[in-house]
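K.L.:
Numbering (my numbering), first residue to last: 366 to 679. Virtual Cβ for every residue (Gly too), placed ideally from N, Cα, C. Treat the numbers as computed from the prediction; the structure is a model and nothing was measured. Okay, here's the structure, questions in a sec.
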């Protein structure tokens, strides 16, 4: 009998408690959702406003990235012939869209722009204590996009690192080396260090190397063969012409220098052409009996008196 009464009481009270608990949870969540954090001139800043504004900002950044890439690929690439100008405009369009979404999010959150008067001072202090590198690289990236000392597609050399510029970002520049290794270089490095841009003014590059032959070789014939080898090698430009100079008498060789031009479209083009010229020089020298230089020494014996020769048995 007691068990039946307990079951009946549970059947009546449990739904009432559940409804009560559910109403309490909803009221609690509603109170948190509409909780007033601070009051401003534009209205009250609530948790709901902040969450909606934060969500809008995140979605806006992602949408800005997709939209700027779409504009760069489908519109700017067709209208503007210069790839680097199109890339710079694409980057600026991204920042513009992010700024627009940021102001919309602040308006939804009821956060007035006067708040940033205080935040600006705090940001300045933060920059002084550790953010200067980030700000330096950001400003350097903007300078690189405007002045364009390096551009997307250029082949550069920075502190012994050779590679092609793949992308110029806000903080770093993406370089792909000859070994297909991707390196992220801080933008400030391109303004603070000496940088060799092999293709800044064009893809036509002048290259040179030295050739040494043995003493006694016919120098004019050697110069003709070196020039012939360069002119016959694939990749060497006809204009400007190949130049060969007899540069020096050295201790163990006669030294010649060959100057030629090539069109550099890939990082290893120069090495390929130089290798081809050296192969052809070696072939022509062997055909004409020209001996490549090797270390040699002349030994002078004092013949003022007979040389003493001794045979020592083992």
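Using DSSP with H/G/I as helix, E/B as strand and the rest coil, what is residue 612?
P.N.:
Three-state DSSP puts residue 612 in a strand.
K.L.:
Please list, in chain order, all residues of the same chain as residue 367 whose beta carbon is under 6 angstroms from its beta carbon, the five residues on each side excluded.
P.N.:
Confidence is the limiting factor: at residue 367 the pLDDT is only 44, short of 50, which leaves the residue's position unreliable, though a coordinate-based value still follows. Within the same chain, residue 367 has no close Cβ partners at all.
K.L.:
Classify residue 424: buried if its beta carbon has 16 or more other beta carbons within 10 angstroms, exposed otherwise.
P.N.:
The residue in question, residue 424, is exposed, as its Cβ has fewer than 16 Cβ neighbours within 10 Å.
K.L.:
Only counting the same chain, and skipping five residues up and downstream in sequence, which positions put a Cβ closer than 7 angstroms to that of residue 382?
P.N.:
Bear in mind that a pLDDT of 49 at residue 382, under 50, signals an unreliable position, so the model cannot answer this.
K.L.:
Buried or exposed for residue 671, please, with buried defined as at least 16 other CB atoms from any protein chain shown within 10 angstroms of its CB.
P.N.:
By the 10 Å Cβ count, residue 671 comes out exposed.
K.L.:
Can you tell me whether residue 663 is buried or exposed, with buried defined as 16 or more other CB within 10 angstroms of its CB?
P.N.:
It is exposed - the Cβ of residue 663 has fewer than 16 other Cβ atoms within 10 Å.
K.L.:
Just list the residues that DSSP pairs residue 520 with in beta bridges.
P.N.:
BP columns for residue 520 point to 529.
K.L.:
Return the Cβ separation of residue 626 and residue 590 in integer angstroms, given the expectation that the two are a contact with Cβ distance under 8 angstroms.
P.N.:
20 angstroms between Cβ atoms; not a contact.
K.L.:
If you count every other CB in all the chains shown that lies within 10 Å of the CB of residue 427, and 16 or more means buried, which is it?
P.N.:
It counts as exposed.
K.L.:
In whole angstroms, what is the alpha-carbon distance linking residue 455 and residue 461?
P.N.:
Residue 455 and residue 461: Cα-Cα distance of roughly 10 angstroms.
K.L.:
Below 8 angstroms CB to CB, which residues in the same chain sit around residue 463 once its five sequence neighbours on both sides are set aside?
P.N.:
These residues qualify, in order along the chain: 425, 426, 429.
K.L.:
The ligand SAH and residue 557: does any heavy atom of the ligand fall closer than 7 angstroms to the residue's C-beta?
P.N.:
With respect to the ligand SAH, the structure shown offers nothing to examine, as it has no ligands at all.
K.L.:
Determine, using beta carbons only, whether residue 628 and residue 568 come nearer to each other than 8 angstroms.
P.N.:
Result yes, Cβ atoms of residue 628 and residue 568 sit closer than 8 angstroms.
K.L.:
For residue 632, count the other beta carbons within 10 Å of its own beta carbon; 16 or more makes it buried, fewer makes it exposed. Which is it?
P.N.:
That one is buried.
K.L.:
According to DSSP, what are the bridge partners of residue 622?
P.N.:
DSSP lists 575, 610 as partners of residue 622.
K.L.:
DSSP puts residue 627 in a beta bridge; with which residues?
P.N.:
Looking at the DSSP assignment, residue 627 forms a beta bridge with 570, 601.
K.L.:
Return the bridge partner residues of residue 547 from the DSSP annotation.
P.N.:
Its beta-bridge partners are 541.
K.L.:
With distances taken from CA atoms, which of 468, 674, 654 is nearest residue 584?
P.N.:
Of the candidates 468, 674, 654, the one whose C-alpha sits nearest the C-alpha of residue 584 is 654.
K.L.:
So, residue 634 versus residue 564, is the Cβ gap smaller than 8 angstroms?
P.N.:
Contact: no.
K.L.:
Assign residue 666 to one of two classes, buried (16 or more other C-beta atoms within 10 Å of its C-beta) or exposed (fewer than that).
P.N.:
Residue 666 should be labelled exposed.
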